[in-house]
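Residue numbers (the working numbering): 13 to 250.
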């Protein structure tokens, strides 16, 4: 038993006899520590950042050991995490710029969306359908049947219903012409929203701005109505 313990201790301390071994152990320990820290993070930006740093130190440890398989593994994982971190930070920055310039378009979400074509006459969703995705109109004409208006190109639609308590559509969207639409699934958007508080905050600001704009447009229409018609409208609402 004593010989076995001595052999284990010798194996553990042997790398410390060289500078290369010390560097390998220190880098590996730092990599493991950063990986543990990453697992404790609650936001995606910090999680990706600490994971990327962990990959970098573990890569250094694998190179100095050397362990060929681990070198290949961390050479793959490190750039993947860096790319994902850059994507999240870019989208967050684009949302911030959209808020600053009161840009109500959803172009900043395009990297996470997939293009889909709808032929003329196709109903993208009906009133009462579950709100399970957000959309961005790229080309074509999309009519909101209940109110007879058209969706502006380059603007998100379906986001209000997505945040409604019952999560159901309030209008029916029908393609008047062939339409090119970008779509992001609800679960993908929720992952962005709940793992990046900064992103979520700015998205909320954009939605509030959209609602305020809609209210102002409605108020303008009411203010420009002929007096008798306006009175009748108000009486019906009351």
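Just so it is clear, CB atoms sit at the ideal spot from N, CA and C, and this is done for glycine as well.
Measuring alpha carbon to alpha carbon, tell me which of the options ends up nearest residue i.
i, options, result
"residue 44", "74, 146, 203 and 222", "74"
"residue 137", "178, 156 and 184", "184"
"residue 86", "68, 95 and 102", "68"
"residue 77", "211, 39 and 209", "39"
"residue 159", "57, 186 and 152", "186"
"residue 126", "182, 201 and 208", "201"
"residue 98", "37, 59, 135 and 218", "59"
"residue 217", "207, 199, 104 and 154", "104"
"residue 102", "208, 221 and 222", "208"
Determine the direct distance from the alpha carbon of residue j to that of residue i, and round the result to whole angstroms.
i, j, result
"residue 48", "residue 55", "14 Å"
"residue 20", "residue 32", "With a pLDDT of 49 at residue 20, under the threshold of 50, the modelled position of this residue cannot be trusted, and the question is left open."
"residue 179", "residue 53", "29 Å"
"residue 205", "residue 88", "27 Å"
"residue 124", "residue 61", "20 Å"
"residue 95", "residue 231", "45 Å"
"residue 228", "residue 91", "47 Å"
"residue 226", "residue 156", "15 Å"
"residue 57", "residue 169", "27 Å"
"residue 203", "residue 100", "11 Å"
"residue 181", "residue 93", "36 Å"
"residue 212", "residue 219", "11 Å"
"residue 135", "residue 221", "27 Å"
Along the chain, where does the alpha helix (DSSP H) that runs through residue i open and close?
i, result
"residue 203", "198-207"
"residue 153", "From DSSP, residue 153 is part of no alpha helix (DSSP H); its letter is neither H nor E."
"residue 185", "Segment 185-187 is the beta strand (DSSP E) holding residue 185; no alpha helix (DSSP H) there."
"residue 171", "171-175"
"residue 4", "Missing from the structure shown is residue 4; the chain here goes from 13 to 250 and no further."
"residue 32", "31-52"
Taking residue i as part of the beta strand (DSSP E), name the residues at either end of that continuous run.
i, result
"residue 127", "126-130"
"residue 136", "135-137"
My guess is that residue i and residue j are in contact by the Cβ rule of under 8 Å, so how many angstroms apart are they, rounded?
i, j, result
"residue 150", "residue 193", "7 Å"
"residue 196", "residue 121", "6 Å"
"residue 63", "residue 50", "4 Å"
"residue 191", "residue 140", "At roughly 21 Å, the Cβ-Cβ gap does not stay under 8 Å, so residue 191 and residue 140 are not in contact."
"residue 41", "residue 65", "Wrong, their Cβ atoms sit about 13 Å apart, outside the cutoff."
Below 8 Å, can you find three or more Cβ-Cβ pairs linking the segment 126-139 to the segment 159-168? no
Is it true that the segment 133-153 meets the segment 172-186, where meeting means three or more beta-carbon pairs spaced less than 8 Å apart? yes
Check whether the segment 79-97 touches the segment 221-239, counting contact only when three or more Cβ pairs, one atom from each stretch, lie closer than 8 Å. no
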